[in-house]
Amino acid sequence: MTAARSPESCARVVARLDRWVDGALDATEAALDRGHMEACAACDGARERRLQMLEDLRRAASVPASAVDALWKGVAARLGNARPARARPRILRVHALVGAAAAILVLVLLQAATGASSPTLHPDDLVSVEHVLEVLPGWSDVVRGVGSLSRGFS
Amino acid sequence: MDDADLVARVLAGEREPFHVLFRRHAAPLFATLRSTLGNRDDAREVFQETWLRAFEGLGTLREPARLRSWLLSIALNLARVRRRRWIERSALAVEGPDEPVGEDGVQHRLEADEELAALRRSIAELPARQREVVDLRVNHELSHAEIAALLGITEEASRASYYQALRRLREGLGAHAREEDAR
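Note that the protein sequences, when read in sequence, are chains U and Y. Counting in the numbering used here, the first sequence runs from 1 upward without gaps. Counting in the numbering used here, the second sequence runs from 1001 upward without gaps.
Okay, here's the thing in structure tokens:
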């Protein structure tokens, strides 16, 4: 696709040249301007100067490899024996919250319906709870959440 | 090996992959902090803090493939805190960031290139937001959508800042060229 050269077309191309270089023009506009620049040395020169300035910006910001090595020494010294913390999977956190909320609701409804006092656990039951926590570590938040909140009701 | 694989290996207990990630992302990240803070010593401190936090918080990174954006968000947040301290201090004493300087001896070689030195001065004179956007677009090659998400602005605002900055840089360099011609 080509575009007739005229002062108006040159002005239009130069006005949106930054967007052209940035890849922000739609395909039709970009092709039109490319055709213009292939035939217009002045506008093509303007495009070259913009590309050169981007290259200069990269050069101005460059950090040499020797400096990166020096920076690593500082970082490595601060890292010491640190270890990255492992995050619990988000899905488990959501399950824990939903489960805790549901369990609280059931407890409150049961207490309201029966007028019963807070349940008490036999020592053997406590052992069973610990076993459940070991077997289902992902659900330990649910159990602990219910436990701590239900204690708040008693 | 891509970033996600390296992150997985670090989380599995290996240390060397973290060094690989560092070598991959350190230079542009440090350049961003040097440009943002305009002071090599502060940039170095914030840079170290950024990597320390990144290492310790690596398990919280939801999309390891987007490590670069994550590192940038940590660094830019820490830099903002540092700049806020300057402002608070400047209320008590007249001081501010140094002129932007390069890394250990390299600055002299860069300054030998007059055009590059002029470009550095023009970058330093840009408004902070425009400077950030130019850095993220040119040196980190982020899309305007990514820049917008990182800086909490709209995509259109990112584009506007970028094009305004490029225009100002060209004008600044044009003025510099005229000054050189007049000598």
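Positions of the beta carbon are idealized from the N, C-alpha and C atoms, including for glycine.
I need the boundaries of the alpha helix (DSSP H) containing residue 63/U, first residue and last residue. Translated into positions along the first sequence, residue 63/U becomes position 63. Neither: residue 63/U is in no alpha helix (DSSP H) and is coded neither H nor E.
Endpoints, the alpha helix (DSSP H) within which residue 1001/Y is located: Here residue 1001/Y refers to the residue found at position 1 of the second sequence. For residue 1001/Y, there is no enclosing alpha helix (DSSP H), as DSSP marks it with neither H nor E.
Nearest to residue 1077/Y by alpha carbon, out of 1062/Y, 1049/Y and 1024/Y? Here the question's residue 1077/Y lines up with position 77 in the second sequence. Looking at the Cα atoms, 1049/Y is the closest of the given residues.
Determine, using beta carbons only, whether residue 1173/Y and residue 1126/Y come nearer to each other than 9 Å. The residue given as residue 1173/Y occupies position 173 in the second sequence. The residue given as residue 1126/Y occupies position 126 in the second sequence. No.
Cβ of residue 1114/Y within 9 Å of any chain U Cβ: Position 114 of the second sequence, counting from 1, holds the residue named residue 1114/Y. When Cβ-Cβ separations below 9 Å define contact, residue 1114/Y makes no contact with chain U.
Say whether the region 1147 to 1167 of chain Y touches the region 13 to 31 of chain U, bearing in mind that this needs 3 or more beta-carbon pairs closer than 8 Å, one atom from each stretch. Counting C-beta pairs closer than 8 Å gives three or more between the region 1147 to 1167 of chain Y and the region 13 to 31 of chain U, which meets the contact rule.
Touch check for the region 40 to 51 of chain U and the region 1151 to 1162 of chain Y: three-plus C-beta pairs under 8 Å? no
Chain-ordered chain U contacts of residue 1139/Y [CB-CB under 8 Å]: Taking the first residue of the second sequence as position 1, residue 1139/Y is located at position 139. Simply 57, 58 and 61.
Got a sec: is the Cβ-Cβ distance from residue 1038/Y to anything in chain U below 9 Å? In the second sequence, residue 1038/Y corresponds to position 38, counting from 1. Not closer than 9 Å to any Cβ of chain U, the Cβ of residue 1038/Y fails to qualify, so no.
Could you tell me if residue 1130/Y is buried or exposed, where buried requires 16 or more neighbouring beta carbons within 10 angstroms of its beta carbon? By 1-based counting over the second sequence, the position of residue 1130/Y is 130. With 16 or more Cβ atoms within 10 Å of its Cβ, residue 1130/Y is classed as buried.
What are the residues of the region 34 to 46 of chain U that lie near chain Y, defined by any Cβ-Cβ distance shorter than 9 Å? Listed in sequence order: no entries.
Could you check whether residue 1003/Y and residue 1023/Y sit closer than 9 Å to each other, using their CB atoms as the reference points? Working through the second sequence from its first residue, we reach residue 1023/Y at position 23. Working through the second sequence from its first residue, we reach residue 1003/Y at position 3. Cβ atoms of residue 1023/Y and residue 1003/Y: not closer than 9 Å.
Find out if the Cβ-Cβ distance for the pair residue 1058/Y, residue 1020/Y is shorter than 9 Å. Against the second sequence, residue 1058/Y aligns to sequence position 58. Against the second sequence, residue 1020/Y aligns to sequence position 20. Cβ distance not < 9 Å, so residue 1058/Y and residue 1020/Y don't count as in contact.
Using 9 Å as the limit for Cβ to Cβ distance, is residue 18/U near chain Y? Within the first sequence, numbered from 1, the residue matching residue 18/U stands at position 18. Chain Y contact via Cβ: present.
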